[in-house]
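Trainee:
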Amino acid sequence: MFVCLGQNSYSLNSNELIDRLVVRSRRTPQLSHVNLQRNQLNQTPHYLVVGAGLAGLSCAQGLRAAGFDITVVDKSRGPSGRMSTRRGEDWACDHGAQYFTARSSAFQMDIARWQDAGVAALWTPRLQVRDENGWREGGETISRFVGVPRMTAPARLLADGLKLQTSTTVTALHRVGCSWQVETAEHGRLATGFDGVVLAVPAPQALPLLTPVSPMLAAQAREARMQGCWALMLRFDAALDLPFDAAFINHGPLRWVARDSSKPGRAGPETWSLHASTPWSEAHIEDDAETVASALVEAFIELGGRAPQAWTAHRWRYAITESATADGCAWDALQGLGLCGDWLNGGRVEGAWLSGRALAQRVRQSFVAEAC
Ligand SMILES: Cc1cc2nc3c(=O)[nH]c(=O)nc-3n(C[C@H](O)[C@H](O)[C@H](O)COP(=O)(O)OP(=O)(O)OC[C@H]3O[C@@H](n4cnc5c(N)ncnc54)[C@H](O)[C@@H]3O)c2cc1C
Numbered sequence: 233m234f235v236c237l238g239q240n241s242y243s244l245n246s247n248e249l250i251d252r253l254v255v256r257s258r259r260t261p262q263l264s265h266v267n268l269q270r271n272q273l274n275q276t277p278h279y280l281v282v283g284a285g286l287a288g289l290s291c292a293q294g295l296r297a298a299g300f301d302i303t304v305v306d307k308s309r310g311p312s313g314r315m316s317t318r319r320g321e322d323w324a325c326d327h328g329a330q331y332f333t334a335r336s337s338a339f340q341m342d343i344a345r346w347q348d349a350g351v352a353a354l355w356t357p358r359l360q361v362r363d364e365n366g367w368r369e370g371g372e373t374i375s376r377f378v379g380v381p382r383m384t385a386p387a388r389l390l391a392d393g394l395k396l397q398t399s400t401t402v403t404a405l406h407r408v409g410c411s412w413q414v415e416t417a418e419h420g421r422l423a424t425g426f427d428g429v430v431l432a433v434p435a436p437q438a439l440p441l442l443t444p445v446s447p448m449l450a451a452q453a454r455e456a457r458m459q460g461c462w463a464l465m466l467r468f469d470a471a472l473d474l475p476f477d478a479a480f481i482n483h484g485p486l487r488w489v490a491r492d493s494s495k496p497g498r499a500g501p502e503t504w505s506l507h508a509s510t511p512w513s514e515a516h517i518e519d520d521a522e523t524v525a526s527a528l529v530e531a532f533i534e535l536g537g538r539a540p541q542a543w544t545a546h547r548w549r550y551a552i553t554e555s556a557t558a559d560g561c562a563w564d565a566l567q568g569l570g571l572c573g574d575w576l577n578g579g580r581v582e583g584a585w586l587s588g589r590a591l592a593q594r595v596r597q598s599f600v601a602e603a604c
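Okay, so the sequence shown: first residue is 233 according to the numbering used here, each after it adds one.
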């Protein structure tokens with residue numbers, strides 16, 4: 233017997249299951265469609281995860297570990313999202329997340345696994361803070377970790393064993409019967425339909441996909457506030473004689489400067505990563521790269537730096553968020569549609585990783601029956 237239950241289509245192998253569903257639908261109608269015992273299903277749910285940043289990858293790994301068939305797509309050429317590194321002919325520089333911290337024991341455990349695998353290491357820069365009153369020591373005791381040999385390395389480890397299709401931009405989702413059909417910019421409609429879809433993309437990029445199919449989740453994405461950041465990567469032919477490797481800057485256009493080449497495992501020439509503050513970036517988000525580079529290099533020189541041999545600028549339209557939800561993710565079990573990402577869990581790498589993990593747990597719970 234083939235039954236469509238809102239979220240998925242399943243072949244049911246006993247009338248008993250149908251009886252249970254009917255009973256449960258009277259008792260807890262909102263859960264009745266999804267509280268199926270996995271061992272009573274004779275087909276593996278196939279889910280699509282859109283976005284191979286830390287949130288999408290941790291969700292995909294969690295679902296895969298639970299036996300789901302998972303496909304991950306990303307519009308970029310590789311995984312890792314904003315935990316990213318720009319590479320040139322003889323240089324590389326982290327231009328998104330600069331480091332990650334771990335407050336939860338779950339993330340601490342995964343970082344330990346990354347360290348064992350040689351894709352992450354502790355970074356102990358000489359850290360200073362600059363504000364209107366001058367310089368002071370960083371003074372924080374928090375552990376900062378980085379990917380090794382570059383920031384993308386942990387994501388590559390997480391992507392290991394997953395079916396990952398890069399250079400694939402999802403442009404629309406359609407609910408056809410009990411299946412999700414997926415339109416992409418590069419390949420048209422994907423040949424396979426999916427039982428469920430996880431959107432692990434920044435809120436403004438999730439919004440156009442959600443609006444036609446889920447007003448409730450679209451409203452949640454619309455509420456999130458994500459702000460831009462201009463990043464500038466500087467290359468020098470000799471090391472800069474500065475008394476710090478990284479500094480938080482609390483005045484002027486800059487917010488953060490770091491000697492990228494001081495991170496463990498980096499080779500190549502002296503490289504610095506500069507990030508403009510959020511207010512400055514938002515005010516200058518439409519400026520051209522030359523204007524931005526000129527202002528940020530000037531500010532860097534005021535801090536004791538000098539003009540670089542070469543520079544590359546990158547504009548992040550959706551860089552930073554502090555928004556959060558109680559669950560750290562969102563899940564519409566009836567449609568088989570979920571959201572995860574830093575914007576649902578307070579920002580940062582750890583928030584994204586935890587959000588993906590939380591969503592995988594929510595989805596798995598949808599498939600586990602209450603004891604009855
Ligand atoms: C400049 C900057 C500095 C930062 N500094 C730090 C820091 O020091 N420490 C820290 O902890 N955090 C930092 N962050 C934040 C951190 O990078 C993020 O919180 C985290 O990486 C977000 O992960 P995510 O998986 O939620 O989203 P993302 O990493 O943004 O992943 C989303 C993925 O979805 C893909 N995508 C989007 N739309 C589509 C589509 N339609 N179809 C297919 N794929 C799509 C994107 O290509 C991307 O790969 C920084 C971010 C920026 C930009």
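The beta-carbon is built from N, C-alpha and C at its ideal position, and this holds for glycine as well. Computed from a predicted structure; not experimentally measured.
Starting from residue 403, trace the beta strand (DSSP E) in both directions and tell me its first and last residue.
Mentor: Within the sequence shown, residue 403 is the residue found at index 171, counting from 1. That run of the beta strand (DSSP E) goes 402 to 408.
Trainee: How many Å lie between residue 422 and residue 403 at the Cα?
Mentor: Indexing the sequence shown from 1 puts residue 422 at position 190. Indexing the sequence shown from 1 puts residue 403 at position 171. Looking at the two C-alpha atoms, the distance is approximately 11 Å.
Trainee: Mapping the DSSP letters down to three states, classify residue 291 as helix, strand or coil.
Mentor: Numbered from 1 along the sequence shown, position 59 holds the residue referred to as residue 291. Note: residue 291 maps to helix in three-state DSSP.
Trainee: Out of 313, 544 and 600, state which residue places its alpha-carbon closest to the alpha-carbon of residue 611.
Mentor: The question about residue 611 has no answer, for the chain in this structure spans 233 to 604.
Trainee: Quickly, what does DSSP pair residue 361 with across the bridge? List them, please.
Mentor: By 1-based counting over the sequence shown, the position of residue 361 is 129. DSSP lists 368 and 480 as partners of residue 361.
Trainee: Would you call residue 287 buried or exposed, if buried means 16 or more other Cβ atoms sit within 10 Å of its Cβ?
Mentor: Position 55 of the sequence shown, counting from 1, holds the residue named residue 287. Its Cβ being crowded by 16 or more others within 10 Å, residue 287 is buried.
Trainee: Grouping DSSP H, G and I as helix and E and B as strand, with all else coil, what is residue 486?
Mentor: Stepping through the sequence shown from its first residue, residue 486 is reached at position 254. Residue 486 falls in the strand class under three-state DSSP.
Trainee: Distance, Cα to Cα, residue 594 vs residue 563?
Mentor: Residue numbering aside, residue 594 sits at position 362 when the sequence shown is read from its first letter. Residue numbering aside, residue 563 sits at position 331 when the sequence shown is read from its first letter. Using only the alpha carbons, I get a separation of about 7 Å.
Trainee: Distance, Cα to Cα, residue 278 vs residue 298?
Mentor: For the purposes of this step, residue 278 is taken as the residue at position 46 of the sequence shown. For the purposes of this step, residue 298 is taken as the residue at position 66 of the sequence shown. Cα-Cα distance, rounded: 12 Å.
Trainee: Check whether the Cβ atoms of residue 346 and residue 386 sit closer than 7 Å, and answer yes or no.
Mentor: In the sequence shown, residue 346 corresponds to position 114, counting from 1. In the sequence shown, residue 386 corresponds to position 154, counting from 1. Contact: yes.
Trainee: Could you tell me which whole beta strand (DSSP E) segments of length 3 or greater appear in the stretch 284 to 349?
Mentor: Counting whole runs of 3 or more residues, the stretch 284 to 349 contains the beta strand (DSSP E) stretches 301 to 305, 317 to 319 and 324 to 326.
Trainee: Hey, how far is the Cα of residue 301 from the Cα of residue 502?
Mentor: Within the sequence shown, the letter at position 69 stands for residue 301. Within the sequence shown, the letter at position 270 stands for residue 502. About 44 Å.
Trainee: When the Cα of residue 511 is compared with those of 445, 551, 342 and 493, which residue comes out closest?
Mentor: On the sequence shown, residue 511 is found 279 positions in, with the first residue counted as 1. The shortest Cα separation from residue 511 among 445, 551, 342 and 493 belongs to 551.
Trainee: Should residue 465 be counted as a contact of ligand 1 given a C-beta to heavy atom distance under 6 Å?
Mentor: Along the sequence shown, read from residue 1 onward, the residue named residue 465 stands at position 233. It does not: the Cβ of residue 465 is nowhere closer than 6 Å to a heavy atom of ligand 1.
Trainee: Quick check on DSSP: helix, strand or coil for residue 416?
Mentor: Here the question's residue 416 lines up with position 184 in the sequence shown. Residue state, collapsed to three classes: strand.
Trainee: For residue 309 and residue 399, which I take to be in contact (beta-carbon distance under 8 Å), what is that distance rounded to the nearest angstrom?
Mentor: The residue you call residue 309 lines up with position 77 of the sequence shown. The residue you call residue 399 lines up with position 167 of the sequence shown. That pair is a contact at about 6 Å.
Trainee: By Cβ distance below 8 Å, which residues in the same chain neighbour residue 482 in space, the five residues on each side in sequence not counted?
Mentor: The count along the sequence shown starts at 1 and reaches residue 482 at position 250. Taken in chain order, the residues that qualify are 361, 362, 363 and 364.
Trainee: Between residue 402 and ligand 1, is there a pair consisting of the residue's CB and a ligand heavy atom that are separated by less than 6 Å?
Mentor: Taking the first residue of the sequence shown as position 1, residue 402 is located at position 170. It does: the Cβ of residue 402 is within 6 Å (strictly closer) of some heavy atom of ligand 1.
Trainee: Assess, as a yes-or-no matter, whether the stretch 538 to 550 is touched by the stretch 316 to 332 under the definition of 3 or more beta carbon pairs within less than 8 Å.
Mentor: Output reads yes: the stretch 538 to 550 touches the stretch 316 to 332.
Trainee: Among 485, 316 and 554, which has the Cα closest to the Cα of residue 573?
Mentor: Here residue 573 is taken as the residue at index 341 of the sequence shown, counted from 1. Selected option, being the one with the closest Cα: 554.
Trainee: Ordered along the chain, which non-local residues of its own chain (more than five positions away) have a Cβ less than 6 Å from that of residue 600?
Mentor: For the purposes of this step, residue 600 is identified with residue 368 of the sequence shown, where counting begins at 1. Here the set comprises nothing.
Trainee: When burial is assigned at 16 or more other CB atoms within 10 Å of the CB, is residue 406 buried or exposed?
Mentor: Counting from one through the sequence shown, the residue named residue 406 turns up at place 174. The residue in question, residue 406, is exposed, as its Cβ has fewer than 16 Cβ neighbours within 10 Å.
Trainee: Using beta-carbon positions only, say whether residue 540 and residue 474 come within less than 7 Å of one another.
Mentor: Along the sequence shown, one-based indexing puts residue 540 at 308. Along the sequence shown, one-based indexing puts residue 474 at 242. It is not a contact, given that the beta carbons lie outside the stated cut-off.
Trainee: Helix, strand or coil for residue 535 per DSSP?
Mentor: Position 303 of the sequence shown, counted from the first residue, corresponds to residue 535. Residue state, collapsed to three classes: coil.
Trainee: I want to check one thing, is the minimum distance from the CB of residue 308 to the heavy atoms of ligand 1 below 6 Å?
Mentor: If you number the sequence shown from 1, residue 308 lands on position 76. Checking the Cβ of residue 308 against ligand 1 gives yes.
Trainee: Helix, strand or coil for residue 458? Go by DSSP, reduced to three states.
Mentor: The sequence position of residue 458 within the sequence shown is 226, counting from 1. Here residue 458 sits in strand by DSSP.
Trainee: Given a cut-off of 7 Å, decide if residue 500 and residue 367 are closer than it, judged by their beta-carbon atoms.
Mentor: The count along the sequence shown starts at 1 and reaches residue 367 at position 135. The count along the sequence shown starts at 1 and reaches residue 500 at position 268. No; because the gap between Cβ atoms is not below 7 Å, this pair is not in contact.
Trainee: Go ahead and label residue 315 buried or exposed: buried means 16 or more other beta carbons lie within 10 angstroms of its beta carbon, across all protein chains shown.
Mentor: Position 83 of the sequence shown, counting from 1, holds the residue named residue 315. So residue 315 ends up on the buried side.
Trainee: Would you be able to state if there are at least three C-beta pairs under 8 Å between the stretch 455 to 462 and the stretch 430 to 438?
Mentor: Yes, since at least three Cβ pairs between the stretch 430 to 438 and the stretch 455 to 462 fall closer than 8 Å, the two stretches touch.
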